[in-house]
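For the sequence shown, my numbering assigns the number 69 to the initial residue and increments by one for each residue that follows. Built from N, CA and C at the ideal position, the CB exists for glycine as well. Being a predicted model, the structure only gives us computed values, none of them experimental. Data block below; observations after.
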Amino acid sequence: MARRLRRDEYTVGWVCALPVELAAAQEMLDEEHHDLERGLADNDENLYALGSIGGHNVAIVCLPAGRIGNNPAASVSTQMRATFKAIRFGLMVGIGGGVPSAEADIRLGDVVVSQPHKMHDGVVHYDVGKTTPSGFERIRADGVAELSTAGSP
Numbered sequence: 069m070a071r072r073l074r075r076d077e078y079t080v081g082w083v084c085a086l087p088v089e090l091a092a093a094q095e096m097l098d099e100e101h102h103d104l105e106r107g108l109a110d111n112d113e114n115l116y117a118l119g120s121i122g123g124h125n126v127a128i129v130c131l132p133a134g135r136i137g138n139n140p141a142a143s144v145s146t147q148m149r150a151t152f153k154a155i156r157f158g159l160m161v162g163i164g165g166g167v168p169s170a171e172a173d174i175r176l177g178d179v180v181v182s183q184p185h186k187m188h189d190g191v192v193h194y195d196v197g198k199t200t201p202s203g204f205e206r207i208r209a210d211g212v213a214e215l216s217t218a219g220s221p
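Pasting the structure below:
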C-alpha cells in the first residue's frame with residue numbers, strides 16, 4: 069500500500085528532460101508514494117513522482133512539455149530544492165542522445181557519468197557549438213570558441 073511521506077524525508081532528487089525518461093524512472097521505483105499535500109503557500113508548479121529505491125526516498129520530476137535546455141532544468145531543479153529541503157543528491161538522468169560517437173562505444177544500458185576536464189565543465193551543451201563534417205565543435209566553458217570556425221555558419 070502506498071504511503072505519504074513528509075517532504076523532509078526525501079533525500080534524492082531526480083530530474084528528467086523527457087516524458088519517456090520519467091516513465092523509465094518510475095519503473096525503477098521499488099515502492100511508489102502518494103503525492104504531497106499541497107498548501108496555499110506552495111509556489112512549486114512541478115508534478116512529482118515519489119517513491120523509494122533501495123531504501124532511499126526519491127522525488128522525480130520531468131521538465132514541462134516542450135521545454136528543454138538549461139533554463140527550464142534550472143527552474144525545475146530550484147523549485148525541487150525549495151520543496152524538498154533534505155535532498156542530498158541531485159541527478160539529471162536521461163537517454164544521452166549526444167553520447168554515442170565513433171570514438172565512444174556507448175550502448176543501451178551503459179551508465180555515463182560526466183566529470184570536468186581541462187576547460188570543460190563535464191557537460192557538453194549542443195546549444196553552444198556546432199556540428200561540422202568532422203564532428204561537433206565545442207565552445208569552451210568561458211564561452212570562447214575553441215576553434216576559429218565555431219562561430220561561422
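So, for residue i: in the same chain, excluding its five sequence neighbours on each side, which residues have a beta-carbon less than 8 Å away from its beta-carbon?
i       : result
Glu-77  : Asn-125 and Ala-154
His-101 : Ala-70, Arg-71, Arg-72, Leu-73, Leu-118, Gly-119, Ser-120 and Asn-125
Leu-215 : Low per-residue confidence applies at Leu-215: pLDDT is 41, beneath 50, and the placement is therefore not dependable, though the value from the model is reported in the following sentence. Within the same chain, Leu-215 has close Cβ partners Glu-205.
Arg-75  : Leu-104, Thr-151, Phe-152, Lys-153 and Ala-154
Ala-93  : Trp-82, Cys-84, Ala-117, Ile-128 and Val-161
Asn-139 : none
Give me the Cβ distance between residue i and residue j, rounded to the nearest whole Å; I'm assuming they're in contact under 8 Å.
i       : j       : result
Gly-162 : Glu-95  : Actually they are not in contact, since the Cβ atoms of Gly-162 and Glu-95 sit about 15 Å apart, beyond 8 Å.
Ile-128 : Trp-82  : 4 Å
Ser-120 : Asp-98  : 6 Å
Thr-151 : Asp-178 : Thr-151 to Asp-178, Cβ: 32 Å. No contact.
Met-160 : Ala-141 : 7 Å
Name the DSSP bridge partner or partners of residue i?
i       : result
Thr-200 : Gly-203
Asn-125 : Ser-120
His-102 : Note: His-102 sits in no beta bridge, so no partner.
Val-83  : Val-129 and Met-160
Arg-71  : His-101
Look at the Cβ atom of residue i, then the Cβ atom of residue j, and state whether they are nearer than 7 Å.
i       : j       : result
Ala-85  : Leu-115 : no
Val-180 : Gly-164 : yes
Arg-156 : Thr-79  : yes
Can you list, in chain order, the residues of its chain whose CB lies under 7 Å from that of residue i, leaving out five sequence neighbours each side?
i       : result
Pro-87  : Cys-130
Arg-175 : none
Val-144 : Val-83, Asn-114, Val-129 and Leu-131
Kindly list the residues whose CB is nearer than 6 Å to the CB of residue i, restricted to its own chain and excluding five residues on each side of it in sequence; keep chain order.
i      : result
Gln-47 : Examination of residue 47 is not possible in this model, given that the chain is present from 69 through 221 alone.
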